[in-house]
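Visitor: FYI, the numbering for the sequence shown is 807 to 1117, going by the working numbering.
Dumping the structure here so I can ask a few things about it.
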Amino acid sequence: MQKVAIVGSGLIGQAWAMIFARAGWSVALTDPAPGAVAAALAPCRSGLEMLASHGLCDDAAAAHQRIAPAASLADAVSGATFVQENGPERLEAKQEIFAELDQRAAPDVILASSTSAIQCSLFTKDLAGRARCLVAHPVNPPHLVPIVELSGAPWTAPETIARARTIFEGIGQVPITVLKEIEGFILNRLQTALLGEAFKLVEEGYVSPQDLDKTVQDGLGLRWSFIGPFQTIELNAPGGIADYCARYSPFFRRFAAEPAPVSVWDEANTARAVEAWGGTPSREEIARKSRWRDARLAALVAHKKSQPPAE
807 MQKVAIVGSG
817 LIGQAWAMIF
827 ARAGWSVALT
837 DPAPGAVAAA
847 LAPCRSGLEM
857 LASHGLCDDA
867 AAAHQRIAPA
877 ASLADAVSGA
887 TFVQENGPER
897 LEAKQEIFAE
907 LDQRAAPDVI
917 LASSTSAIQC
927 SLFTKDLAGR
937 ARCLVAHPVN
947 PPHLVPIVEL
957 SGAPWTAPET
967 IARARTIFEG
977 IGQVPITVLK
987 EIEGFILNRL
997 QTALLGEAFK
1007 LVEEGYVSPQ
1017 DLDKTVQDGL
1027 GLRWSFIGPF
1037 QTIELNAPGG
1047 IADYCARYSP
1057 FFRRFAAEPA
1067 PVSVWDEANT
1077 ARAVEAWGGT
1087 PSREEIARKS
1097 RWRDARLAAL
1107 VAHKKSQPPA
1117 E
């Protein structure tokens, strides 16, 4: 049984604990906040039970037993073969955590960060073991959305990326390699482009936020749940991608030439979008809807697993 150290027991840390435990790994869960690890164990149990109810975990009770609190970071990394860090999304915090990890973890242990946007080089450049460090960025919730973006610094060893890919594939995730560093990696940059246009269309009065969501969930999202944008356009023209681009490039050129809008992320614009959406729900309502989302994602993942691959 291999051991993973999960550093940080918030939502992402809990999801990683479930993922590794479900795959048969021993999980050492640590967090500097008093009581944080103890509070994380119950959500891990309920999450594993939900996965099992959809056929996505063979034995929820056994998996949960493989998740154990670690008294300290040193205890967590002792005997570990992999470390997944989930600390605060601040550069200074990453630098501090990775400096300690580099000192305490055995030299051959991979040190991975779940950061959503911070480039690996910014928090590993001064480390003696920087060649074994990388970003392994998941998508929330990671135990239901399997993509993992692997992004190394210029000094990250190719063997580190290769070993990380093997590990993530082995635990049921879908790793992709970011070939060179870029802020936000791949998924968040795609998401930002879509969100920017979504806010613009709502704020300029072209569509309601509710109907825009329907456009994605009952339109683009249906196709994107099993094929990506390149394969989508390949199948949308008889001659494939080149044919699609030839047919529709006039519109895309006009769209690209439109003047840049006032920032959709300005506070006033955000407030108008929230008002059009219907306000901000309570924390309890968000938690209830998150549970509903997780159940629907689990059902979708189970369905995808039951289908044959593309011919």
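Here a beta-carbon is modelled for each residue, glycine too, at the ideal position from N, C-alpha and C.
Use the C-beta contact count for residue 837: other C-beta atoms within 10 angstroms, 16 or more gives buried, fewer gives exposed.
Guide: buried
Visitor: Who are the near neighbours of residue 1075 in its chain, counting only those whose CB is closer than 6 Å to its CB and skipping five residues on each side?
Guide: Leaving aside the five residues that flank residue 1075 on each side, the residues in its chain whose CB is nearer than 6 Å to its CB run, in chain order, 1009.
Visitor: Does DSSP put residue 891 in a helix, in a strand, or in coil?
Guide: DSSP, read as helix, strand or coil, puts residue 891 in strand.
Visitor: Can you list, in chain order, the residues of its chain whose CB lies under 6 Å from that of residue 827, leaving out five sequence neighbours each side?
Guide: Excluding positions up to five away in sequence, the list reads 833, 869, 872, 873.
Visitor: Just tell me which of 942, 863, 1045, 875 has its CA closest to the CA of residue 1108.
Guide: 863
Visitor: What separation, rounded to the nearest whole angstrom, lies between the Cα atoms of residue 968 and residue 1081?
Guide: 47 Å
Visitor: Determine the closest residue to residue 859 out of 1105, 1095, 1063, 824, with distance taken between C-alpha atoms.
Guide: That would be 1105, whose Cα lies nearest to the Cα of residue 859.
Visitor: With the cut-off set at 8 Å, would you say residue 994 and residue 817 are in Cβ contact?
Guide: No, the pair does not count as a contact, with Cβ atoms beyond the cut-off.
Visitor: Tell me, please, whether the stretch 936-950 touches the stretch 981-995 by the rule of three or more beta-carbon pairs shorter than 8 Å.
Guide: yes
Visitor: By DSSP, does residue 1013 sit in helix, in strand, or in coil?
Guide: coil
Visitor: Quick check: the Cα distance between residue 1005 and residue 1065, rounded to an integer number of angstroms?
Guide: Straight-line Cα distance between these residues: approximately 16 Å.
Visitor: Can you check DSSP and say which residues form a bridge with residue 916?
Guide: For residue 916, which the question treats as bridged, DSSP gives the partners 888.
Visitor: From residue 1086 to residue 1052, what distance separates their C-alpha atoms?
Guide: 43 Å
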